[in-house]
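In full-length UniProt numbering, the protein residues as written are 1 to 140.
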């Protein structure tokens, strides 16, 4: 996957650093930012192959941001790396066109495997029943 450009968008510098280091170890090129406005500028300029995104912001969920990314760079794949784990939330990510989801409580090895799978054209989501869940409610 040489010459692959991966962008990390997360408000937390420690998370960005860890994920960026993981990607660089694999020999990939990286961009990172904690700001969605800067991310839009970088996505417009560079059209990354993969965008790893924390969708939970202080202002709430940023599902509209996924739609903006898809409009600007439709071939970029999006992987959500979040602390949220709600079936309803994951369904909304799927509907928005996201290719993968990893919970931040999982290991970096798991994240690395999902990154590889998504870059290879696969979709990767947690092993949960996405068909019907009335217990997981998340206000959007």
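The C-beta atom is built at its ideal place from N, Cα and C for all residues, glycine as well.
Unbroken beta strand (DSSP E) run spanning residue i, endpoints
i           : result
residue 110 : Counting along the chain, residue 110 falls outside any beta strand (DSSP E), though it belongs to the alpha helix (DSSP H) covering 108–119.
residue 8   : 5–9
residue 52  : 50–53
C-alpha gap between residue i and residue j, whole angstroms
i          : j           : result
residue 22 : residue 108 : 8 Å
residue 12 : residue 114 : 21 Å
residue 86 : residue 105 : 14 Å
residue 93 : residue 47  : 20 Å
Endpoints, alpha helix (DSSP H) assigned at residue i
i          : result
residue 72 : 63–72
residue 82 : First-last for residue 82: 77–82, but that is the beta strand (DSSP E), not the alpha helix (DSSP H).
residue 44 : 36–46
CA nearest to the CA of residue i, picked from the options
i         : options       : result
residue 3 : 127, 124, 119 : 119
residue 5 : 103, 71, 76   : 76
Cβ-Cβ separation, residue j to residue i (assumed contact under 8 Å), whole Å
i          : j          : result
residue 90 : residue 53 : Between residue 53 and residue 90 the Cβ distance is about 14 Å, and since that is not below 8 Å, they are no contact.
Beta-carbon proximity list for residue i, same chain, < 7 Å, skipping 5 on both sides
i           : result
residue 141 : No answer is possible for residue 141: it lies beyond the span of the chain, which begins at 1 and ends at 140.
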